[in-house]
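Everything below concerns the one structure shown next.
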């Protein structure tokens with residue numbers, strides 16, 4: 006069984022927010038959606054927006070390894086200062102023994118990343134609602150409390166809304182709360198080490214039902230997704246088996262599976278970087294009614 010560590014620092018969310026901005030994948034799946042990106046675009050300087058189009062920005066999520074090793078108070082400002090002073094050797098030392106080679110883009114873009122991080126902090130991140138960071142820290146503390154009574158595998162599944170990581174090759178898993186990439190998690194595998202940025206759900210004082218609850222109910226609005234749930238009720242299935250059952254193209258099936266995973270209705274079993282199979286989270290189906298009734302009965 007791997008060792009579980011829950012970590013939190015503002016700079017994790019700082020990098021995650023930038024990673025979400027440069028992400029071109031189905032924005033409709035995410036709770037912030039494309040509207041958030043349009044609003045942020047209005048605040049960013051044109052030259053900076055152009056610099057963010059660099060395709061090598063994809064390695065941003067790999068910075069979790071460096072953030073974990075950053076000394077002192079891990080604010081965006083302190084991390085940028087520390088990162089700017091790192092030599093290639095020091096960067097490698099921070100990532101050992103989890104990686105054999107540092108991603109070349111991280112070395113080649115060292116100065117460029119310092120510029121991007123500095124501008125992202127000035128033009129966006131330092132202006133975000135402090136409540137977000139407070140909620141992230143509180144959630145991390147709650148997960149640490151769970152460690153007293155729950156198995157690490159169960160805590161990871163609970164936190165990620167369905168990712169079950171079971172592998173004898175993993176020595177340590179770092180669990181980090183994040184907001185911008187919700188409702189999905191960002192998982193990276195290294196040599197015996199896994200970083201997992203899991204989504205939190207913000208409780209807002211709003212007259213409207215939460216986006217997470219809407220996502221859950223929307224996931225049941227398609228007959229193919231219902232068929233997937235029905236087949237998983239019988240037994241766990243591989244992606245190939247689901248393809249045969251639904252007769253869907255792989256790309257379409259990926260989308261439907263993603264929707265069900267966002268809703269937390271299915272479990273993805275990992276033994277390594279790949280998903281082995283999927284199973285039904287029956288308990289989540291039974292809590293859907295509770296979510297809806299809780300909102301309806303809530304007094305304002």
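Numbering (this note's numbering), first residue to last: 6 to 305.
Ideal placement from N, C-alpha and C gives every residue a C-beta, glycine not left out.
For clarity, every value in this text was computed on a predicted model and none was experimentally measured.
Residues near residue 62 in its chain [Cβ-Cβ closer than 6 Å; skip 5 each side]: Excluding sequence neighbours, residue 62 sits near 27.
Residue 78 versus residue 142: straight-line alpha-carbon distance, rounded: In a straight line, the C-alpha of residue 78 is about 14 Å away from that of residue 142.
Segments of 4+ residues assigned as alpha helix (DSSP H) that fall wholly inside the region 177 to 249: Here the runs fully enclosed are 216 to 223, 228 to 239.
Beta carbon of residue 167 nearer than 7 Å to that of residue 286: Closer than 7 Å, so yes.
Sufficient close CB pairs (3 or more, under 8 Å) joining the region 296 to 303 to the region 215 to 222: Short answer: they touch.
Expected contact under 8 Å - CB spacing of residue 170 and residue 161 to nearest Å: About 6 Å; that satisfies the 8 Å criterion.
Three CB pairs or more closer than 8 Å across the region 177 to 189 and the region 132 to 152: Note that the region 177 to 189 touches the region 132 to 152; at least 3 beta-carbon pairs, one per stretch, sit closer than 8 Å.
Contained alpha helix (DSSP H) runs [length at least 4] in the region 140 to 184, N- to C-terminal order: Runs of the alpha helix (DSSP H) inside the region 140 to 184: 157 to 165.
Residue 218 vs residue 190 beta-carbon contact at 7 Å: Result no, Cβ atoms of residue 218 and residue 190 do not sit closer than 7 Å.
Closest by C-alpha distance to residue 98, when choosing among 80, 260, 70: For residue 98, the nearest C-alpha among the options comes from 70.
Top-ranked residue by Cα proximity to residue 50, from 158, 125, 290, 280: Nearest C-alpha to residue 50: 125.
8 Å contact criterion, which residue 76 and residue 122 should meet: CB distance rounded: Contact between residue 76 and residue 122 does not hold, since their C-beta atoms are separated by about 17 Å, which reaches or exceeds 8 Å.
Buried or exposed by the 16-neighbour rule on C-beta atoms within 10 Å, applied to residue 249: By the 10 Å Cβ count, residue 249 comes out exposed.
Cβ pair residue 24, residue 72 closer than 7 Å: With respect to the 7 Å criterion, residue 24 and residue 72 are not classified as neighbours on the basis of their beta carbons.
Beta strand (DSSP E) segment containing residue 28, residue limits: Residue 28 -> no beta strand (DSSP E), and no H or E assigned at all.
Presumed contact (8 Å Cβ cut-off) between residue 284 and residue 237, rounded CB distance: The distance from the Cβ of residue 284 to that of residue 237 is about 6 Å, consistent with a contact at the 8 Å cut-off.
Residue 281 in three-state terms, based on DSSP: In the structure shown, residue 281 adopts extended strand secondary structure according to DSSP, grouped into three states.
Which of helix, strand or coil DSSP assigns to residue 271: In this structure, residue 271 counts as strand in the three-state DSSP scheme.
Whole-angstrom distance between residue 229 and residue 195, CA atom to CA atom: Cα to Cα, the separation comes out at about 35 Å.
Proximity to residue 153 [Cα-Cα], best of 303, 300, 8, 302: Comparing Cα positions, the closest option is 8.
From 118, 35, 86, 83, residue whose alpha carbon lies closest to that of residue 67: Comparing Cα positions, the closest option is 118.
Residue 229 Cβ short of 6 Å to the ligand NAD heavy atom set: Only the bare structure without any ligand can be found here, which leaves the ligand NAD out of the picture.
Terminal residues of the beta strand (DSSP E) in which residue 8 lies: Its beta strand (DSSP E) spans residues 8 to 11.
Distance between residue 54 and residue 130 (C-alpha atoms, nearest Å): So the alpha carbons of these two residues sit roughly 15 Å apart.
Nearest neighbour of residue 231, chosen from 85, 209, 265 [CA to CA]: Cα-wise, what sits closest to residue 231 is 265.
Whole-angstrom distance between residue 137 and residue 45, CA atom to CA atom: Residue 45 and residue 137 have their alpha carbons spaced roughly 16 Å apart.
Sub-7 Å separation of residue 188 and residue 212 beta-carbons: At a Cβ-Cβ threshold of 7 Å, residue 188 and residue 212 do not count as neighbours.
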